[in-house]
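A quick write-up on the structure given underneath.
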Amino acid sequence: MKNILILLILVSLTLPFVNADLINPGFHSLNINNKITNIADFPDYSFISVCYLGIENNSNNICGASKVEDDGTIYGCYKFASLYVYAVKKSDLDNEILKDSLKNFDRLSLYLDSLNKTLVLENLEHYKQVPVSSTQKEINNDYTVDFAKVKTTPDKREISRNNLIYYYICVPIIALVIIAIIIIRKYRR
Amino acid sequence: MNFVFPLIITICLEYLVYVIAFRKRYLELLNYSILINTFTNPLANLFYEFNTSLLNFLIIEFFVFFLETFLIMGLMNINYKKAILISLIANITSTLIFFII
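Protein sequences appear in the order of chains A and B.
This note's numbering puts the last residue of the first sequence at 255; the count rises by one with no breaks.
This note's numbering puts the last residue of the second sequence at 172; the count rises by one with no breaks.
As C-alpha cells, then:
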C-alpha cells in the first residue's frame, strides 16, 4: 500500500513535465524555416548550428549540432532548446562529430570548445505553437550574416497564410452588412 | 476546419441563452445568433492569433461581450441593461465551454 502511494505521488509529480513536452490542446506546431541568404559570400567558412538546453550557449548544455546546408538552410532542434549559429574555418570542420552529435554530447562539447568559432546568429526562433484556428501556415526567416555583428532577428520574415485569412476577414464583413441592414430596416419602421 | 466546431457550439449556446431570455420568435433568434457569432467569432480568432496568452484571451472576450451587447440591443430592440445581462451570460457560457472543450 505504501509503495503504491509513493508510486502515485511520483507519477503525479512527473505528469506535469510529461505534459509540458506535448503540444497544448487546441494548438499545433508551426514549420519555421531559417536560412542564411549570403552563405556564398564566405567560401572559406562553414556554418554550424548548435542547440543548447535553456537560453545560454553554455557548452555544458549542448544537445545537438548540425552543419548549415550549402544553400543556407539551418536545421531546427528540440523545441525547448536555443539555437545558435557559428562560423568556423572550413578546414576545422569535422563532419563525423557533427553527424554523431546526438549520440555523444561530451565529444561534441569538447570539439566545439576547441574550435575557433565566431557567433553569427543567436537564439533563433525555430519552434512555435499556434492555435488550430491560426491563419499562419509557415514562417520563412532569412538572415544575412555579418561576422562583425551577432543577429537575433531575421532580416526578412515571410509568413505564409492559409485560406482561413479570407474567411476571417470576409465573413465578419458580410455578417456586419446584414446586421446593419436589419437594424436600419427596424428603425425605419 | 477546426474553427467550425467551436463556432457551431457558440452559436447553439448563445441561441439557447436568447431563447431563455425572450421565449418567442425562435427562428429570428437563431438568425441573430448566427449573424452575431459569424461577426465576432472570426475576428476573435484573428486577434487571438497575435497573442495566445490568457490575458489577451480575456481582453478579446471582453471586446466580444462589448460588441455583442450593442448588436443584441440593435437587433432585439431591448434596453442596454437587458442587453448587457444577456451578452454577459451568453459569453460567460461560451467561454466556459471553450475551456472545457
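Every residue, glycine too, gets a C-beta built ideally from N, C-alpha and C.
Only a predicted model underlies this, so the values are computations on that prediction, with no experimental measurement involved.
- A Cβ-Cβ separation of about 7 Å places Leu-178 of chain A in contact with Val-116 of chain A under the 8 Å criterion.
- Taking 8 Å as the threshold, the shortest C-beta distance from Leu-117 of chain B to chain A falls below it.
- The C-alpha of Ile-91 of chain B is placed about 46 Å away from the C-alpha of Ile-205 of chain A.
- For Ser-158 of chain B, the three-state secondary structure derived from DSSP is helix.
- Put simply, of B:Pro-113, B:Asn-102, B:Glu-132 the residue whose alpha carbon is nearest the alpha carbon of Ile-239 of chain A is B:Pro-113.
- Approximately 20 Å separates the beta-carbon atoms of Leu-129 of chain B and Ile-107 of chain B; this is outside 8 Å, ruling out the contact.
- Within chain B, the residues Pro-113, Leu-114, Asn-116, Leu-117 have their CB atoms less than 8 Å from the CB of Tyr-234 of chain A, given in chain order.
- Listed in chain order, the non-local C-beta contacts of Leu-146 of chain B below 7 Å within the same chain comprise Tyr-103, local neighbours out to five positions each way being set aside.
- One alpha carbon belongs to Leu-96 of chain A, the other to Arg-254 of chain A, and they sit about 50 Å apart.
- In this structure, Thr-140 of chain B sits away from Val-88 of chain B, with a CB-CB distance that is not shorter than 8 Å.
- In this chain, Tyr-144 of chain A is not harboured by any alpha helix (DSSP H), its DSSP state being neither H nor E.
- In the three-state scheme derived from DSSP, where H, G and I count as helix and E and B as strand, Phe-113 of chain A is classed as strand.
- Taking 8 Å as the CB threshold, Ile-245 of chain A lines the interface with chain B.
- For Arg-223 of chain A, the uninterrupted beta strand (DSSP E) run begins and ends at 222–227, by DSSP.
- Taking 9 Å as the Cβ-Cβ cut-off, the stretch 184–218 of chain A approaches chain B at Gln-195, Val-196, Pro-197, Val-198, Ser-199, Ser-200, Thr-201, Gln-202, given in chain order.
- Counting C-beta atoms within 10 angstroms of its own C-beta, Thr-218 of chain A has fewer than 16 neighbours from the protein chains shown and is therefore classed as exposed.
- Glu-191 of chain A sits in coil when the DSSP states are folded into three classes, being neither helix nor strand.
- For the pair Leu-126 of chain B and Glu-99 of chain B, the Cα-to-Cα distance works out to about 34 Å.
- Ile-248 of chain A reaches chain B at Leu-146, counting residues in chain order whose Cβ is nearer than 7 Å.
- Non-local C-beta neighbours of Asn-116 of chain B in its own chain, meaning closer than 8 Å and more than five positions away in sequence, comprise Phe-74, ordered along the chain.
- Think of a sphere of 8 Å around the beta carbon of Phe-136 of chain B: no beta carbon from chain A falls inside it, the nearest being about 16 Å out.
- Taken atom to atom, the span from the alpha-carbon of Gly-120 of chain A to that of Phe-146 of chain A is near 7 Å.
- For Lys-252 of chain A, a Cβ of chain B is located within less than 8 Å of the residue's own Cβ.
- For Ala-241 of chain A, the chain B residues whose C-beta falls within less than 9 Å of its own C-beta are Ile-105, Leu-106, Ile-107, Asn-108, Thr-109, Phe-110, Thr-111, Pro-113, listed in chain order.
- With 16 or more other Cβ atoms from the protein chains shown falling within 10 Å of its own Cβ, Val-211 of chain A counts as buried.
- Within its own chain, the residues whose Cβ lies closer than 6 Å to the Cβ of Leu-101 of chain B, once the five positions on either side in sequence are excluded, are Tyr-86, listed in chain order.
- For the pair Ile-225 of chain A and Gln-195 of chain A, the CB atoms are not nearer than the 8 Å cut-off.
- Counting only residues of its own chain and dropping the five nearest sequence neighbours on each side, Leu-185 of chain A has a CB closer than 7 Å to the CB of Tyr-150, Tyr-152, Val-216.
- With respect to Asn-100 of chain A, Ile-128 of chain A sits apart: the two C-beta atoms are not nearer than 8 Å.
- Residue pairing for Val-196 of chain A: DSSP places it in a beta bridge opposite A:His-94.
- Taking 8 Å as the CB threshold, Thr-123 of chain B lines the interface with chain A.
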